Structure formats: C-alpha cells, structure tokens
Amino acid sequence: AVLNRKEDSEVEKVNEEVKNCSEPEKKNEVTEFAVPEQKNEAKGSSESERKSHEQEKTEENLADLLNTEDFAMDFDISVPNVAAEPRNHAKEKIQAISTEKITTNWEAIAQMNNDNDIDFTAFDMADFASESEKKIWFWDAWEDPVKRPGQLFLFGRVQVENSKENYKSVTVHIQSVNKRLFLLPRQYLLDKVTREETRDKVTLGHVMQEFQEVLQELKIESFQSKQVTKNFAFSIKGVKIPQSSECIEVRYSGHLKAPLNTSKKYYSIAHIFGTSTTPLETFLLDSKIKGPCWLTIKHFQIRERPLTWSRVEMVVANSKSVCVAPEKNQNPPPLSLMTLNVRSNLNMKTTKNEIVMISCLIQDRFPLDKPPPNPAFNRHLCGLTHPSHQGWPMDFAGKFKGYNKTKAKKFESERELLSWFLAIYQNTDPDLIVTHDAADCQLDVIFERIITLKIPNWSRIGRLRKTVVDSKRHQDNFTGRMICDVKKSAEELIKSRSYDLGTLCTEVLKIQEEDRIEISNDDIHFMYESSDEILKLITLTMQDASYVLRLMCELNVLPLALQITNVCGNMMARTLQGGRSERNEYLLLHAFNERDYIVPDKKERLIGKEWDKQENAEQGQGRKKAAYAGGLVLEPIKGFYEKFILLMDFNSLYPSIIQEYNICYTTIDEPLHVEDHIQLPDSSVEQGVLPKQIRRLVESRREVKKLMANPDLDPELKMQYNIRQMALKLTANSMYGCLGFSHSRFYAPHLAALITRKGRDILMDTKNLATKLNLEVIYGDTDSIMINTNCVDYEQVFKIGLTVKQKVNRMYKNVELDIDGVFKFLLLLKKKKYAALTVSKGKNGELKYNQELKGLDIVRRDWSKLSVMVGRAIIEDIFSPAEADDKIEKIHDRLESIRRDIMEQKVPLPLNSNLPHVIVALRMNNTQNRRFKKGDTVSYVICQDGTDKSHMQRAYHLDELQLNPDLKIDAEYYLTQQIFPVISRLCEPLDGTNISRLAQCLGLDAKKYRSMEEKMDREDELNDDVNTLVKTSAQKYHFCEKFSFKCVSCHQENPMAAAVKRVDANLVPVLAACVNPDCKIPPYEYLAGIQNQLIMKLRTFLDRFYENWMVCDDNVCSHNTRIITHVLSSNDRPVCCACGNGNLVRQYSETDLYTQIRYFQYIFDLTQPQYKKMKIAPQVEDAYQVLKETVDRFLGRSAYCIVNLGTIFSKLHLVKPSEERQDVQLN
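For the sequence shown, the residue numbers in the UniProt record's numbering are 1 to 1227.
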C-alpha cells in the first residue's frame, strides 16, 4: 500500500514550515507496509467541509505554531490534594489557590527553553552512503512473523558529522534472517506404510534424503546444511530425546514456511527443532546480542523511499551484515525522551474523550551513564484547546498573552492541537515516551483521537510508516519508541498501598499531600469557565508531567532496565513493560545456546509428560490446584511477645539450593510419573547450566559490591555500580520463577518441586538445630525463622544469632543463614500475619525503632481508611512501654471514644474497594458521566438511605453523599464490619480483654459475640492435651452464668458461684446465711422459694437453646439468623447465607446448655472432697440435696449425656435389628 499523493504533499508542507526542521524533504512516494485497508466511516458533507477547513487552517498556521522562541516556566508544584473531595468543593479549592503559591516551588527548578541547543539542521546522506560500515547503538527491534516473515527492523541511534554529541535516529532493515532448523534422527526407521518401528538403523543420509522431499513440498529450492553435534536437556511428549546426538543443521530463507512437526510423520526424523523460532530470537542468539549495545553495520545501503520515520534508514541483505562492535566499555549515547501528560474531557454527545491539553517535557540528551540532569528536561511546552461544547472565556485572549510560565499555544480545535503535537513529536523524534498509567487517558487517548480525526501521517507516533491501523492496542502503534510507564515500573520496584500519581509523589518524592492538587478529567469543564482557571490548569498539567519525570529518575528506571536487559539479553522495551518471565527465558536461551544445547520450542514446551494430564484434569474442578508443594510454613505459637525476637533469613534460598545440589535440566531427568521420587545428582556430575548461571550472577554481584566499598570511588561510578548489583540481584532471585511458571518454555515442575522440597528440609533442620540449643522457634515461613530469645539485652540477641548462624552454615556450602532483624515487640496472630516493632542500632550506637506489618487487615486495600486508622492506633497502644493493664484500659477507652465519634459523624470519610465499588462506579458512569475503569480506586461510603437493602447495595460515592442531605453514614456498619473485625484479631492474643469486652466498648451486643469466644476457647482447649485431660472447675465453668436468689426477708440478691462462700476468712455454706449481715433469716428456711427460682432459671436456659439462634463465625459478617440453609461447608456446617464465607454456629449450643446444668449441679453438690472436712448443719445439707435433685431431674431429661455404643461400633460388625442398644449414662 502507498500513501496517496495528497497526504505525502501534506507531510512535505508541514516539514517546510517547521523552523530549522532537520527532516529532509521526501519528494518520492513513500512505500508503506502492506496491510488490509480499513473501511472509512460515513460522514456527512457538512462534517467533511468543516474538517477540511480545520485541516487547511492548521497547515496555514503551523509555521507560527512551531516557532522556537525562548520562554520561561515559572509555576509552582505545591498544591493541596483534593482527590477525594466532591467536584464543587474541588472547584472552590482550586479557585482559592493563589497564582503566587502555585509558582513558588517551580521557579527553583525551571529553566529557560533550550531550543537553541537542539540540532535541527539537515545532514548529508551521501556521507553515510560513502562509508563501508557504520556503528549504531541498538535500542529496540520489531518483527512481524506473519506479514513480514524473515524480516527484522532494528531501531537505535547513529553518530553523524563526526561529533560525539550529535546522534540521529536510525533504522536498520534486515531483509532476510534465515530460518535455522535442527533435524534429530530417529534410532530406527519407521515403516512407510504402517509407521511402526523397524530394525533398520537411521543414518544421516536417510534424514537428509527425507528432508529434501519435505523441502520440495514447501517449494524451497535453496538451502544450506551441515552435520553438527548437539546436546539435549528437555523432553518432548512422544519423542525419545537422547542426551547428545549427531544432527543436521539446515538454514534457508526466513521468508519461506517451516515444516510441520507431526507425530510419526517422518520415517527417519524424530523431531525438527526451531520451526517456531522467530527471526528476532534467531538473530539475537546467532549474533550473541544481549540487550542494547553498539553494533557494526556492513554492506548497507541508504533507502531512498523509507519505510520508517527515522532520520536514517539503512538496508542490509541478511543478518550476517550486523555484528556486535568489537569495542567494549563504550558508554551508550544519550537518548531523546519526551514526557507526556494529557488532559481530556468527555463529549456528552459522542460519549468520547476529547483532548483539550497536552504538556510535553523534552530532553534530547538524557544520559544513561551519569546521574540525570537537574531538571531532567531542557524544553517544555503545552498545547491547549477548548472543549467542543464550550468556548473560550471573553477575557482569555488578553490574559493568555501575559502567561509566561511555559511555552503555551492555544488552538481552536482538537484537530489543530493534535497536528501541532505530531509536528513537535516528529521533530523531537523521541526514543522514549515517559508517562504515568499509559492506558488511563494518556497514550491510549492520543492514539484514539489521532485515528478518529484522521490526522495525516498519524503513524508518526511510532517509527513505522503506516496508512492503516492494524492493531487497537496503543503500544503496538508506538513501535520503535520505548514506553516507560512509571506506574508499571513502580509496581515492580517498590511496595505501596496504591500506585496512583499522588501516592507515588508522597512516598517516593516525599511531597506533602497539600503540595499537590489532583484535577480529575471530570473537573475540566468548570475550569474552562474562567480564564484564571485555565491558566492554573496549564500550570498543574505541567506540574504533573514534571512529577512523572522525577519519579522515573528517582527510581532509576532507565539505567536499571538497561542493566537488567544487558544481563538477560532480551529487549529493553519489554523490560520496561515488565516481562519478568521473558527476561528469564532469554537469559537461559543465551546460556544453553552457548553450550550447544537445543532449547525447547516456545509452543511445544508448555507442559511435559504426565504433568499436562494432571493440569488439564484440574482445569474443570474449580480453582486450579498447585502442581507441587510449595514452601514450608511452621505453625505459629500465637501471642504477644515483649522480649526480643530474633528473625533469621536464608539469603536467596532457592537460588542457593540450585547451586548447593546442582539442580538443572542437564543433571536431573524428568520422571515418567508425577509421583516418582527424584534423586539428587551425584557430586561427581558436572555443574549444570542453571547453577552456573546463578553462580555467575552471584559472583558478579559480589565483585561489584567490592568495587562499591572503595571510599575514593567517584559518586557517578558508584551509582552505576549500585544499579548493576541491583539488576544482578533481581535477575538471580527470579530465576526460580521460570521453573514453576506453566506458560514458560522452560517450565519444569519436577525441578521446582525438588527445590521446594529441599527448602522445606532445610527449614525443618534449622528449627531442630535451634531447639537443641534450647531456643524456642515460634514461627517459620519458607526461608526465615523467628526465635524467642527470652532476653532484653540487644547485644546478647546478636550473640545468640551468630551461634545459630555458624552452626547452620557449617552444614552447607552455598546455603547461607543470616540475621535479618530483631523485634522488640511481636504480635503474632497466625500464619503470615503479624505486627512487630523492629529495633536496630544506628551509627552513634542509639537504638532505632520501626513498625513492620505483614498480612494484617490494615495493610490491605480492601479495608476502609477508618479501619486502618483505628488498627494502627491500637497497634501503637499495644507497642507502648506501659504496663499490661494500662495498655488494655487505654485500648478500651480508645474504642469507646471512636464509637462516640462515629455516632456523631466526626470521622473522616472512608475509602473502600470491595464489591460495592463496582456498583458505585457503574452508577456514577451512567448517571454522572464518570469514567471509572478497571484498576481505578473508587471512593464510597456505606450510608443509611431509608431502605432495608443490604449494606453492599447502600454504597454511595462521596459526591452523592455531599449532594444528598438524606444520606447518613451507617455508623453501625463501620463499627461491626470494619472496626470490630480488625481490632478483635489484633487484640486476640492479649490477656485482660476478650471479644465480648471489645464489642461492649464499641457499643455492640456483647452476648452476640460471647458464643464465638466460647467456641474459640473450646477449640484451643482441644488442641492442648493437658487442658483436655485435666481441668479445674474454674476452667470447666468459666463461661457459665452464675445462680442467684432473692432473700424473702430483706430482698437482697444472694449470688451463688459455688456451694460455699468466704466470710471473714472462713468458708460457710451459701444457704446457711444471707449475704446481708443484718438479715436474721437463713436461706434454707425458704427453700421452696429458692427451688422455684432455680426451676425458672433452668427453664430460661432451655428456652434460649430451643430458640436456635445461629451466628456466622466470620468476624466480618457476624450475621444472626434462625434460618438454616441446606448448603454445607467442608466441615458439615451450614454456610452463612449473608456472606457465603463463614459457617453458622449456634449462639447457645448443646454443649453450652449441658455445661450450664452441670454447673448448677456442681454448686449444690456437698459430697465433693473439699467439703468433707467442713461442719455443716443437717438442715443445710438437706436443703442442698433437694436443690441438687431438682437439677438432676433436668439433667436426666438431657440426651446429650447419652452415648450409643451401637452407633459408634456399627462399622466394626453387623448389627441385627433385634439386638438391644446399649446406652451408657455419663457421670
């Protein structure tokens, strides 16, 4: 396909009008990629005329729009954050910000535009054509195996005019990258008719003869072949693969098809390797290119009709003309980058986002071998237009002329704005595009609007000339230009609660929330109502662009990505986009290729042998099960520890295990069956490829760290060394991942299972060793253990750690245990959930403290900010140096204060992100034209709206809450569902408080949670053998309700917790004397009244039992109901209908009722041994006996104390219907 003459002339006109433009004129037709044409949408005549007029106007004004006058950028970046406020409040707050406040901080870092330093002069192509070879810096590559098979495009920079600082973009088009196939011969020939194995051995002549027939079928006339010896370490289903074999290597044009690999298709060829290998992989492995580097290009020609937008385009016939430059340690050239920040507005008529503002920060000489410049840009500009449904304010033209904070250009249409942007973009010719969240109305909306408006030569956003869109993914159309999405980079490099721009500015750049203001795209329309607001919007847009660029520099994204790519040998564009699995694959591809191993084909080596059967069988069984056992997690000894806890950690455990036991594809064969035991290789076996690669990475990092220890080291060099060692560390630690990732071509579950098995063994051996040293291991997880030192001396803790470290490290050569930290306080709740106060010693010897939270509710994003705030406050109280009783009292007081604040609506609005946020987002998108999408954080609050809907259906956005006075925050929901679950789990190990007491502090029904508490205590007792066998009466009847009766004379309440009570240091029967010392009538004289009160009390317990109230055992739900579902959980309990997660348990169970009656029996029983020596009057004994018999009658009617032995032993023998059942009465 060819660009039509009109579009080509438009390009020439644009280039002529751009001042000092360095792009040479293109007078010939421009050859394009042959892709299917796209149907144009029907447009009305008036629409076409309007767009044609706008296009002509754009072309006429482009020379004026792209002038290179110097200008200053003097805006400030300290603006408060109003991201969570309603839009009308955001408007008031924006209007209240003074221009002086906005511009204060920016003036300290801004500089004048440095346009004069940018080289726009043309250069003579004849200088290139006259040279026999040329060195270029290789950045990226592109291939299309389907539409352009065998072809490859390399993108990079080339030096021109013999200047060390003048570099231009260059594309090298390799017209043919040969296919490389390896033919593995069978051991015996197959019969051509039956396809069964014969006794005739296969020779290489048989293989070559058969393959020539295959080539004839594919119409391949020219090829090259040779005999080679190759090693094999990977199995293929249905193919017998030897460890080493003579093979035939075949090469032919990459434009031609590859033969198929079908089982028993060939009678002499067992398998053809390399049929699915792409031209890029072949080129990188053959040329031994590992990431960006200097390449030497030989026998090239300069293309007169270019296929790309690069300044220089070279053409070579085949990949042999490209090789790695012999010079080493030559620094990379500076790259050209552009930071983009886009503001868009939703068009109500078309429901499409329209761009109203684009800010650009440009640096055409960004160094990678030095610290970034400050500021990291030398040009800054902003283009803006008004929304299509909104015009400029009346006074905007006058005020805009006086705006000098940045070079700003205004346009009358979005089409003019985008045409101006593409012209600037083309002249800058960036190698790298920097943005934040490229898919969130940034690069995606730029691409969409350019295509929708049919901007001429839209493909300038990438480096490939195209006329038709062949992919809807925006990143596919930026080919040849790398994209640095700061959000994706931060997700890989740091841990954060959120990765939005505001959070990253606070956590990485240490910018206060009030120093930055968040303007959502939904607020654009009201900012265009005032000239001052538009100028502020320009300033804020430039500000965010500068923050994005600063984040990239602060995180060292580019130099780190460059080092990782050079280590692994993949493409840097893929490294910037994540691609950790691909990095590991290329690292192993280079390693195995260097040792003459045949690597597995991408499509065939997903799963092997019976591993695929196991995986496929589990696909249809709900959640997929793990293919092998993972790391060992020791059962924690839960509790709150106030003495030093020692945390010890194995350094890179899994990579160390690979080296320790020589675990590799080349040393361990894949078992025939999943359950087969895998033997470790013998010590005499040569070290495998995988451990060699890891050892190389580890030793390289060790050498780099030694260089960093030099005190006289140059700071710039030290920074480079630090980035290098970090890249080596990240790569080595991720090597294990490719073994267990089922979509990796190097997937080896048998090796991954062996590594995790040895990891479990090492952790258990370490625990046993610590136990022999009389140390208590309270927890362990995969590669770390926690040891309770039972001491408060910091130095003594390290001595203990060194002892354990030395003894463990003597057992291994490569596995190394080290001290990872010391905890002053540890709140250990359960597996992978704990809070700790770490302690470390500073340079001056002072102790420094810091909190460490792992797996707790308050570090997860699906809990409200209110829950997080309360949870952190409770942890602060727990870790305070106060006495235990004072801590508990302070926690109770704090909870009561929080309850009052919530009831009085005095707390900050929460931010949730559970299921209700989906309902809120959809409603806001439909009713208020919001643009919430996947990955966005939606602010909402659960309200009381006068309905009886569930809390999930009563979620409202903060704007809705502000605008509707009838909505009130549901205080009960936040107390029961948000605060109580968090603090109950945190305070569970603490003595002096319990769930019911915490519920009471929050104003909740304590009785509702008491049954849950009793259930947990019973489970704890069942896990404790000692408590199960021997219990005191206090333990048995701890949760029972006490009996009391009212005196008929003085009407005083007489509590009865036991049969006797203490009076003046003497024990006397409770029925012998009234609790009132002035009362002269003993209780046994009104025995009938006491008996009647006892019967009424017992009946209340029976009524409570038969009411059958159930409660959900999930603290987050705690739903009460009397309706039991037929759906049962795995432990045969009914599932809660409200939440679907918890199980329903009785609030008052059979055990509770039986224990309560037994307790009443106990308090009226004077036959117990402790009462035999007491002198008790006969009438008092008779009274006790009457009351005990009353309790016995109730207890006799209970079937809970009956055990049917026939039921228990029915499985051991057949029971005849005539046999009598044996019932045993429990004492």
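A virtual CB, placed ideally from N, CA and C, is assigned to each residue, including glycine.
What you are looking at is a predicted structure, and each value in this text was computed from that prediction instead of being measured.
8 Å contact criterion, which residue i and residue j should meet: CB distance rounded
i, j, result
"serine 744", "glutamate 585", "6 Å"
"histidine 750", "isoleucine 678", "6 Å"
"tryptophan 139", "glycine 156", "5 Å"
"threonine 782", "valine 633", "7 Å"
"histidine 299", "serine 321", "5 Å"
"methionine 1110", "arginine 1099", "About 22 Å; that fails the 8 Å criterion."
"lysine 407", "histidine 380", "7 Å"
"glutamate 1150", "tyrosine 1200", "5 Å"
"leucine 152", "leucine 307", "About 12 Å; that fails the 8 Å criterion."
Beta-carbon proximity of residue i to residue j, cut-off 8 Å
i, j, result
"methionine 552", "leucine 560", "no"
"leucine 432", "cysteine 360", "no"
"tyrosine 188", "valine 177", "no"
"isoleucine 1095", "threonine 1190", "yes"
"alanine 183", "asparagine 593", "Sequence inspection shows leucine at residue 183; the alanine mentioned does not correspond to that position. Cβ atoms of leucine 183 and asparagine 593: not closer than 8 Å."
"isoleucine 723", "proline 691", "no"
"proline 387", "glutamate 354", "yes"
"glutamine 1052", "valine 1075", "yes"
"threonine 838", "phenylalanine 823", "yes"
"lysine 168", "valine 315", "no"
"leucine 1144", "phenylalanine 1105", "no"
"lysine 399", "leucine 537", "no"
"glycine 462", "phenylalanine 478", "yes"
"serine 419", "isoleucine 455", "yes"
"proline 1083", "isoleucine 1090", "yes"
"lysine 854", "lysine 831", "no"
"glycine 871", "isoleucine 983", "yes"
"tyrosine 654", "tyrosine 736", "yes"
"residue 1232", "leucine 443", "In the structure as shown, the chain begins at 1 and stops at 1227. Residue 1232 is therefore absent and cannot be evaluated."
Residue(s) in a DSSP beta bridge with residue i
i, result
"tyrosine 834", "Leu828, Lys854"
"alanine 955", "Ile942"
"glycine 205", "Answer is none; glycine 205 lacks a bridge partner."
"cysteine 247", "Val228"
"isoleucine 969", "Cys943"
"cysteine 484", "Val434"
"glycine 780", "Ile785"
"glutamine 301", "Val315"
"glycine 1190", "According to the sequence as given, residue 1190 is threonine; it is not glycine. DSSP, once it has assigned bridges, lists no residue as partnering threonine 1190."
"asparagine 1144", "The residue asked about is misnamed: residue 1144 is leucine in this sequence, not asparagine. Partner(s): Cys1112."
"glutamate 197", "Leu190"
"methionine 357", "Arg343, Leu384"
"glutamine 159", "Tyr167"
Three or more beta-carbon pairs under 8 Å between the region 675-690 and the region 631-649, yes or no? No, the region 675-690 does not touch the region 631-649.
When the Cβ atoms of the region 629-649 are set against those of the region 983-991, are three or more pairs found closer than 8 Å? The region 629-649 is in contact with the region 983-991.
Say whether the region 246-256 touches the region 186-200, bearing in mind that this needs 3 or more beta-carbon pairs closer than 8 Å, one atom from each stretch. no
Examine the Cβ distances between the region 472-483 and the region 572-590 and report whether three or more of them are shorter than 8 Å. yes
At a cut of 8 Å, does the region 534-554 reach the region 341-352 through at least three beta carbon pairs? yes
Evaluate the contact criterion for the region 1147-1158 versus the region 1045-1064: three or more CB pairs, one atom per stretch, below 8 Å. Contact annotation: the region 1147-1158 does not touch the region 1045-1064, with fewer than three C-beta pairs closer than 8 Å.
Are three or more beta carbon pairs between the region 386-402 and the region 518-533 nearer than 8 Å? As far as the Cβ criterion goes, the region 386-402 touches the region 518-533, which means the pair count is three or higher.
Do the region 892-908 and the region 973-988 meet, that is, are 3 or more Cβ pairs less than 8 Å apart? Yes: at least three Cβ pairs fall under 8 Å.
State whether the region 667-674 contacts the region 812-826, with contact taken as three or more CB pairs (one from each stretch) at a distance under 8 Å. By the Cβ criterion, the region 667-674 is not in contact with the region 812-826, since fewer than three pairs of Cβ atoms, one from each stretch, lie closer than 8 Å.
Is the region 1059-1071 in contact with the region 1176-1184, if contact means three or more CB pairs nearer than 8 Å? Verdict: yes, contact present.
Please confirm if the region 485-499 is in contact with the region 329-338, defined as three or more CB-CB distances below 8 Å between the two stretches. With the cut-off at 8 Å, the region 485-499 and the region 329-338 do not touch.
If you scan the region 483-529 from start to end, which runs of the alpha helix (DSSP H) of 4 or more residues do you find wholly inside it? Fully enclosed alpha helix (DSSP H) runs of 4 or longer: 486-493, 501-507, 524-527.
Check whether the region 233-244 touches the region 206-213, taking contact to mean three or more Cβ pairs, one atom from each stretch, closer than 8 Å. no
Those runs of the alpha helix (DSSP H) which lie wholly inside the region 550-595 and span at least 4 residues: The DSSP assignment places 557-568, 572-576, 580-594 as complete runs of the alpha helix (DSSP H) inside the region 550-595, in order along the chain (cut-off: 4 residues).
What ranges does the alpha helix (DSSP H) occupy inside the region 629-699, keeping only unbroken runs of at least 4 residues that lie completely in it? Correct list: 653-660.
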